[in-house]
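Residue numbers for the sequence shown follow the UniProt record's numbering, so the first one is 1 and each next one is one higher. Idealized CB from N, CA, C, for every residue including glycine.
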Amino acid sequence: MKEEQLLNIPGDYTDGIDRVDGRQKVTGAAKYSAEFNLPGMTYAVFATSNITKGSIKSIDTKAAEHAPGVLKVVTHLNAPKLPGYETGKDPSKPATGGGPLKLFVDNSIKFNGQPIAMVVADSFERATFAASLIKAEYTKEAHNTDTAKSLDKAATPKGPRFSDYKRGNPDDWKTAPVNLEAEYILPTEVHNPMELSAIVANWTAADKVEVYDKTQGVKSTQNAIAQAFKLPPENVHVTTKFVGGAFGNALRTWPHEIAAVMAAQLVKRPVKLVLTREQQFNSVGYRPYTWQKVSIGATADGKLTGIIHEARAQTSTFEEFTEGTVNMTRFMYACPSVGTIYKVIPVDVNTPTWMRGPGEATGSFALESAIDELAAKLNMDPIELRVINHADTDPENGKPFSSKNVKEAYQMGADKIGWKNRKNKPGSVQEGGWLVGYGMGSGVFGAGRGRATVRATMQSNSTLLIQTSVTDIGVGTGTAMTQIASEVFDNYPIKKIVFELGDSSLPPSPTQGGSMITSTVGGAVHDACTALKQKFQQVIGNGGTDKPDYAKVLKEKNLPQLDVEITSSGSSEMRNYSAYSHSVHFVQVKVHPKTGVVKVSKVVSVADSGHIVSPKTARSQIVGGAIGGIGMALMEEGVIDHRYGRYVNADLAGYHVPVHADIPQIDTLFVNKPDFKVNPMGAKGMGEIAIIGMAAAVANAIYNATGKRLRELPITPDKVM
Ligand code: MOS
Numbered sequence: 001m002k003e004e005q006l007l008n009i010p011g012d013y014t015d016g017i018d019r020v021d022g023r024q025k026v027t028g029a030a031k032y033s034a035e036f037n038l039p040g041m042t043y044a045v046f047a048t049s050n051i052t053k054g055s056i057k058s059i060d061t062k063a064a065e066h067a068p069g070v071l072k073v074v075t076h077l078n079a080p081k082l083p084g085y086e087t088g089k090d091p092s093k094p095a096t097g098g099g100p101l102k103l104f105v106d107n108s109i110k111f112n113g114q115p116i117a118m119v120v121a122d123s124f125e126r127a128t129f130a131a132s133l134i135k136a137e138y139t140k141e142a143h144n145t146d147t148a149k150s151l152d153k154a155a156t157p158k159g160p161r162f163s164d165y166k167r168g169n170p171d172d173w174k175t176a177p178v179n180l181e182a183e184y185i186l187p188t189e190v191h192n193p194m195e196l197s198a199i200v201a202n203w204t205a206a207d208k209v210e211v212y213d214k215t216q217g218v219k220s221t222q223n224a225i226a227q228a229f230k231l232p233p234e235n236v237h238v239t240t241k242f243v244g245g246a247f248g249n250a251l252r253t254w255p256h257e258i259a260a261v262m263a264a265q266l267v268k269r270p271v272k273l274v275l276t277r278e279q280q281f282n283s284v285g286y287r288p289y290t291w292q293k294v295s296i297g298a299t300a301d302g303k304l305t306g307i308i309h310e311a312r313a314q315t316s317t318f319e320e321f322t323e324g325t326v327n328m329t330r331f332m333y334a335c336p337s338v339g340t341i342y343k344v345i346p347v348d349v350n351t352p353t354w355m356r357g358p359g360e361a362t363g364s365f366a367l368e369s370a371i372d373e374l375a376a377k378l379n380m381d382p383i384e385l386r387v388i389n390h391a392d393t394d395p396e397n398g399k400p401f402s403s404k405n406v407k408e409a410y411q412m413g414a415d416k417i418g419w420k421n422r423k424n425k426p427g428s429v430q431e432g433g434w435l436v437g438y439g440m441g442s443g444v445f446g447a448g449r450g451r452a453t454v455r456a457t458m459q460s461n462s463t464l465l466i467q468t469s470v471t472d473i474g475v476g477t478g479t480a481m482t483q484i485a486s487e488v489f490d491n492y493p494i495k496k497i498v499f500e501l502g503d504s505s506l507p508p509s510p511t512q513g514g515s516m517i518t519s520t521v522g523g524a525v526h527d528a529c530t531a532l533k534q535k536f537q538q539v540i541g542n543g544g545t546d547k548p549d550y551a552k553v554l555k556e557k558n559l560p561q562l563d564v565e566i567t568s569s570g571s572s573e574m575r576n577y578s579a580y581s582h583s584v585h586f587v588q589v590k591v592h593p594k595t596g597v598v599k600v601s602k603v604v605s606v607a608d609s610g611h612i613v614s615p616k617t618a619r620s621q622i623v624g625g626a627i628g629g630i631g632m633a634l635m636e637e638g639v640i641d642h643r644y645g646r647y648v649n650a651d652l653a654g655y656h657v658p659v660h661a662d663i664p665q666i667d668t669l670f671v672n673k674p675d676f677k678v679n680p681m682g683a684k685g686m687g688e689i690a691i692i693g694m695a696a697a698v699a700n701a702i703y704n705a706t707g708k709r710l711r712e713l714p715i716t717p718d719k720v721m
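See below:
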């Protein structure tokens, strides 16, 4: 396939640069956190609880202590009290109440698989064997892990961020000429990136520690460790050069990271701790099980009159995790009367966390399915219904959108997928024994710009070095930043630009997440490169050319290098606007009527996310999100056997994600219209919108193919039959 066909970007970009770290990644030169090896390395392995709730009555570690190669066995009986652990707040804490699990502080068991002991040995195998020798006796208490059966236990979160919302008279949906009320269910989903969570910890002095850690934010990990061990932050050095996917599971600092640092302090040697795939299921968060109800009404010609969107979501008993599941319903469509309600259900599991498109990915499944159901009831094309209810300004706060080109996105996607072939009457198209259907769903996510600091240095060998502490969780940040630096620096050659990242000693950047980094760090790269150019003009004085030979200037002026360090953030003008990125996903499915098998046969995803800075990595983002959305729609589900409170599919054999054979050609289209209000590149984020709306698009396509409305994910063949 020709590159133009793959890229398919209208506007001023016809091509993009290759990934600057692509060669390192495909040759194995890229070093992930678990691959750092230090002299004298030791290995920490957890023994975990096999009860779900209660306390440890006794724990026998003798056999483990005497096993070959074992240096230390840590339990709640002998663990040192970390000076800042009990009271320390996690700086990247996504929860609004309670506190994160702290390991080895007491004998209580809060969920199945909770670490009860940590063995440190001179090899991973010896540590694993010794951990298997640990025997615990428990006092068991009755547990509850079944969120579906606990919907009546839902309570309003204590945190202030998610109070109920109401405008107009939301109950107007009830008296509307056309209306419906439907419930939607999303199971627990686990991030399951390729790379397991891993940390290497090494104390280089009594009060100094270095870690190589899988994290989405080296600065927040630095702060979390500094707080737990009461160290000055600069005494904690965090390195994260490559991340093998995360999707949110490394947005906060988890107990295993603190435990590994503690272990290294105890054995006075470097410690490596890599969670097993099974442990990932209850150690580093997940997307919470969420029940939703949408009540919606419209006039006979399709004008929305009222919507109520309610969600009840799983959280842990010790920490309150909340996300913006219902929030998009307040502003997605022009509707005079809207109510949203969000509640949490504490069950005996570890705490959930953000997972790609957090909140909105779940919420859009319900809202965008309900809009499709309403269109069917109105006998109207679902795009037409959306156009009729297009919000020209933000209905939540009355502000203008900084930019919004959704109508154009509908058109682009409809043209590309061949929407005209869709029949509004479900079940009317057959092809070779398969039912064919088309569906669409839209996504939205906030597009802000935060604060970041970037250092730009022109070196004597004419290398332009750009430095900031941001991590790249695989999305191609280094590539996009190099592209921005090149453009600002008058198309400075890509090969002469080095973007250094993933190190807490570099100038501060925020944690990579929330679709904020291209805007935030990109904005700071833009500003730093602009400032460096100006500094050169000053050095050169009168008569400086637009495109000086920088190495020559340095030499003439007898300068070893020229650098700037710039901190910048979004403009205050943004307060007057609502800024969102939008996506529209189109799907064609083929459904086998006898077996219920669903094949996604075509995908067209359109992103309206401002100017596309780096076409190749942008396309990768959208493709990856669409695949995630297909997994969400058809496969992903963490299944707990509630009798034992334990996952029964805690591996990649039992937890299904799409493989190549499940994925068709995915076309990505970009509206590619700059939004200069958000940042000087005119770019808005796209990591989250890539998945948001996709699951609804698949479910809506299945309805169109079969006439069957499926409201519980994943849509497995048994449900389709
Ligand atoms: Mo993401 S859920 O912003 O890593």
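CB contact flag (residue i, residue j, <7 Å)
i: ALA705; j: VAL589; result: yes
i: GLY217; j: THR479; result: no
i: TYR333; j: GLY446; result: no
i: GLY285; j: PRO352; result: yes
i: VAL120; j: THR42; result: yes
i: LEU634; j: VAL591; result: no
i: SER571; j: SER509; result: no
i: ASP394; j: PHE331; result: yes
i: GLU636; j: PRO717; result: no
i: VAL678; j: SER337; result: no
i: ALA79; j: ALA260; result: no
i: VAL274; j: ALA366; result: no
i: TYR644; j: PHE281; result: no
i: ALA176; j: GLY297; result: yes
i: VAL238; j: SER504; result: yes
i: TRP291; j: LEU501; result: no
i: MET458; j: HIS585; result: no
i: VAL294; j: PHE111; result: no
i: LEU133; j: ALA228; result: no
i: THR520; j: ARG449; result: yes
Rounded separation between residue i and residue j - CA only
i: PRO157; j: PRO426; result: 40 Å
i: VAL539; j: ASP164; result: 58 Å
i: ASP171; j: ILE307; result: 8 Å
i: ALA361; j: TRP354; result: 10 Å
i: SER108; j: PHE321; result: 21 Å
i: ARG19; j: THR253; result: 28 Å
i: ASP12; j: ASN397; result: Bear in mind that the predicted position of ASP12 carries a pLDDT of just 36, short of 50, making it unreliable; the figure below should be weighed with that in mind. For ASP12 and ASN397, the distance between alpha carbons rounds to 34 Å.
i: GLU712; j: GLU183; result: 8 Å
i: VAL639; j: HIS526; result: 46 Å
i: residue 730; j: GLY84; result: Since the displayed the chain opens at 1 and closes at 721, residue 730 lies outside it and no answer follows.
i: VAL326; j: ALA683; result: 26 Å
i: PRO382; j: ALA391; result: 16 Å
i: ALA154; j: ALA313; result: 8 Å
i: ILE702; j: LEU435; result: 9 Å
i: PRO10; j: LEU669; result: Low confidence applies here, because PRO10 scores a pLDDT of 37, under 50, leaving its location unreliable and the question unanswered by this model.
i: GLY16; j: PRO493; result: 13 Å
i: PRO423; j: MET481; result: Pro is not the amino acid found at residue 423; the sequence shown has Lys there. So the two alpha carbons sit approximately 44 Å from each other.
i: LEU6; j: ILE388; result: Confidence at LEU6 is low in this model, with a pLDDT of 35, below 50, so the placement of that residue should be treated as unreliable; the coordinate-derived value is given next. Cα-Cα distance, rounded: 32 Å.
i: MET721; j: GLY433; result: 15 Å
i: TRP203; j: LYS219; result: 18 Å
Expected contact under 8 Å - CB spacing of residue i and residue j to nearest Å
i: LYS31; j: LYS241; result: 6 Å
i: ALA414; j: SER583; result: Not really, about 14 Å apart at Cβ, beyond 8 Å.
i: PRO346; j: THR317; result: 5 Å
i: LYS140; j: GLY54; result: 4 Å
i: VAL671; j: GLY629; result: Not really, about 19 Å apart at Cβ, beyond 8 Å.
Exercise. Hey, which unbroken runs of the alpha helix (DSSP H) at 4 residues or more fall wholly within the segment 162–218?
Worked result: 172–175
Exercise. Which runs of the beta strand (DSSP E) spanning at least 3 residues fall entirely within the segment 39–120, listed in chain order?
Worked result: 42–48, 54–60, 70–74, 95–98
Exercise. In chain order, which continuous runs of the beta strand (DSSP E) of length 3 or greater are located wholly inside the segment 440–525?
Worked result: 452–459, 464–467, 497–500
For this session: Starting from the N-terminal side, write out each stretch of the beta strand (DSSP E) that is 3 residues or longer and does not extend beyond the segment 551–591.
Result: If one requires a minimum length of 3 residues, the beta strand (DSSP E) runs lying completely within the segment 551–591 are 561–568, 580–591, in chain order.
Exercise. Quick one: complete beta strand (DSSP E) runs, 3+ long, within the segment 653–720?
Worked result: 666–670
Exercise. If you scan the segment 234–317 from start to end, which runs of the alpha helix (DSSP H) of 4 or more residues do you find wholly inside it?
Worked result: 255–267, 277–280
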